[in-house]
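Residue numbers (the UniProt record's numbering): 1 to 414.
Single-structure report; data block below.
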Amino acid sequence: MPTLPNLTHPSPNDNRRKMSSKRRKTRIVCISDTHNQTPKLPRGDVLIHAGDLTNQGSYSELQKSVRWLEGQGFEAKIVVAGNHDITLDAPFFRQHGESWKWPGPQDPEACKRLLTASESITYLEHTSTTICLHGAGTEFSVFGSPCTPKQGNWAFQYTPEEAEGVWSKMAEGVDIVVTHTPPKGHCDGTLAQDTKDQREGCPALLERLEQVRPVLSVCGHIHGGRGVETARWKRPSRDPATCVDRGSLVESVAFWNDPGASNKKLSIVDLTIRSTSGHGLGCDTSLTRQRCPNSMRGRLGGQPDTRCTSPDERSRQPSSGDEKLISTTSLTESALYESEALRGGGGALEHGDIGYGSPDEATRLELMAGKDMPRKETTVINAAYLGPRIAGKPRGYNKPIVVDVELPIWDSSH
């Protein structure tokens with residue numbers, strides 16, 4: 001199990017701030033699994049990198065990736081490590097580092113300093129912070145973690161028995177979650193020919209996401225799972241003491257059709273108020289919402305990053321069978337109004353406190369009156385840059401995924 005920092009999370013009521021009724025569009029560019037590549041990125045307010053900056057985490061690899069990140073013109077740059085960034089997991093490197101060939105002696109502390117000492121990068125290692133953007137004038141809270149389920153001999157891994165404890169460290173009320181691994185059943189499909197289960201995400205992470213209900217969950221790791229899904233959580237929020245079937249956590253799922261596939265357009269996800277007129281996830285009426293199928297429940301997957309996977313899964317995730325299509329609905333129903341403003345960030349302001357995230361405008365008054373209302377939906381984004389691995393080698397490259405979302409305008413008087 002990776003060595004995790006000792007975290008304490010204040011009660012949501014202890015850090016509750018007055019929620020701004022005014023919102024403004026914020027553009028977030030998401031990417032993951034660049035593996036030493038330094039692609040050109042579209043413009044935005046925030047850059048999120050969800051891990052696997054390198055192939056094995058040598059100082060020279062990390063230095064190249066950090067220089068690339070520092071050269072990007074984003075006000076905030078949020079980065080987590082991945083299982084391939086081996087030296088960033090110092091205990092693992094000291095125990096298993098000899099299993100890899102290195103260009104020279106490696107100092108894990110010096111490797112990590114490349115990220116932690118950067119003036120423009122917010123490096124999160126199973127920790128939370130808050131971001132306040134001066135340019136966009138908006139704010140949000142974020143939790144980031146490099147941890148992935150145990151498969152092979154890689155950094156930042158945990159066993160199934162450790163999973164619940166690992167994800168219990170995720171702060172309540174956080175607006176954006178950045179993890180290297182995807183949650184089970186969402187943007188984690190591989191279509192591998194040698195496994196019955198085509199979903200390789202983490203079930204414990206899915207359960208924790210249902211409890212926290214962030215606006216966005218950004219991930220990577222499973223290259224073939226690149227895409228976007230919005231999970232609508234069942235209501236009322238589950239009772240952890242009685243609900244054991246994680247499949248029952250999700251009422252329905254909406255799938256993204258990539259508007260940037262096979263053309264020069266951006267791969268964009270539109271969660272702004274404009275999309276309430278019938279456009280969600282950057283799509284039009286081709287968007288479909290389906291009920292969570294039984295075949296997505298109850299199974300653990302195989303080996304990420306090394307299996308033969310489908311060459312093209314970019315437009316949408318595969319259906320899992322027995323699903324029932326229901327009418328298309330706006331995916332911005334809760335995303336528009338569900339973030340409580342907090343401060344912080346990379347090149348912007350940054351603080352380590354986490355406050356309370358609210359659901360939507362319809363329940364905002366109830367929340368301010370003291371009623372804690374859960375969010376309704378979470379949009380999961382697998383932003384893997386390298387394509388699925390075929391015979392151990394990545395096939396092709398994917399565009400970064402651009403997300404437009406309405407966030408609260410921050411108030412400097414608070």
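Where is the CB? At the ideal position from N, CA and C, for every residue including glycine.
Everything numeric in this text was worked out from a predicted model, so none of it was measured.
For residue 121, the closest alpha carbon among the candidates 165, 76, 156 is that of 76.
Excluding the 5 residues flanking it on each side, residue 233 has same chain C-beta neighbours closer than 8 Å at 210, 213, 249, 250, 251, 374, 375, 376, 377, 378, in chain order. In this structure residue 45 touches residue 28 by the C-beta definition: roughly 7 Å separates them, less than 8 Å.
Under DSSP, the beta-bridge partners assigned to residue 128 are 143. Ranked by Cα distance from residue 99, the options 208, 86, 108 are led by 86. Take residue 155, set aside five residues on each side of it, and the residues of its chain with a beta-carbon closer than 6 Å to its own are 83, 86, 89, 92, in chain order. Separation of residue 136 and residue 410 (C-alpha to C-alpha, rounded to the nearest whole angstrom) is 10 Å. The count of Cβ pairs closer than 8 Å, one atom from the stretch 218-234 and one from the stretch 172-181, reaches three, so the stretches are in contact. Excluding the 5 residues flanking it on each side, residue 49 has same chain C-beta neighbours closer than 6 Å at 31, 79, in chain order.
Residue 57 and residue 101 have their C-alpha atoms some 11 Å from each other. Residue state for residue 223 is assigned as helix, using DSSP reduced to three classes. Inside the stretch 20-53, DSSP marks whole beta strand (DSSP E) runs of 3 or more residues at positions 23-31, 46-49, from first to last along the chain. The criterion of a C-beta distance shorter than 8 Å is satisfied by residue 380 and residue 229. Note on residue 119: under 16 other CB atoms within 10 angstroms of its CB, so exposed under the neighbour-count rule. In this structure, residue 133 sits away from residue 54, with a CB-CB distance that is not shorter than 8 Å. Within the same chain, 88 come within 6 Å of residue 112 by CB-CB distance, once the 5 residues on both sides are set aside. The Cβ atoms of residue 270 and residue 404 sit closer than 8 Å to each other. With respect to the C-alpha of residue 169, the residue from 202, 128, 399 having the closest C-alpha is 128. In this structure, the alpha-carbon of residue 41 lies about 21 Å from that of residue 176. Cβ-Cβ distances below 6 Å link residue 116 to 123 in the same chain, with the five nearest sequence neighbours on each side left out; the list follows chain order. Cβ contact annotation for residue 397 (same chain, cutoff 8 Å, sequence separation greater than five): 37, 39, 385, 386, 387, in chain order.
Comparing alpha-carbon positions, the option among 186, 190, 138 lying closest to residue 217 turns out to be 186. Collapsing the DSSP output to three states places residue 111 in a helix. The beta carbon of residue 402 is closer than 6 Å to those of 29, 42, 266, 268 in its chain, skipping five residues each way along the sequence. According to the DSSP assignment, residue 172 belongs to no beta strand (DSSP E), since it is labelled neither H nor E. Judged by DSSP secondary structure, residue 408 falls within the beta strand (DSSP E) whose first and last residues are 401-408. In this structure, the alpha-carbon of residue 261 lies about 12 Å from that of residue 226. For residue 207, the closest alpha carbon among the candidates 173, 60, 164 is that of 164. Rounded to the nearest whole angstrom, the C-alpha separation of residue 407 and residue 24 is 6 Å. Residue state for residue 93 is assigned as helix, using DSSP reduced to three classes. Annotation: the continuous beta strand (DSSP E) that includes residue 380 extends over 377-382. Here residue 248 carries a helix assignment [DSSP, helix/strand/coil]. The criterion of a C-beta distance shorter than 8 Å is not satisfied by residue 103 and residue 125. A direct Cα-to-Cα measurement between residue 171 and residue 143 gives close to 7 Å. Cβ-Cβ distances below 6 Å link residue 400 to 29, 31, 41 in the same chain, with the five nearest sequence neighbours on each side left out; the list follows chain order.
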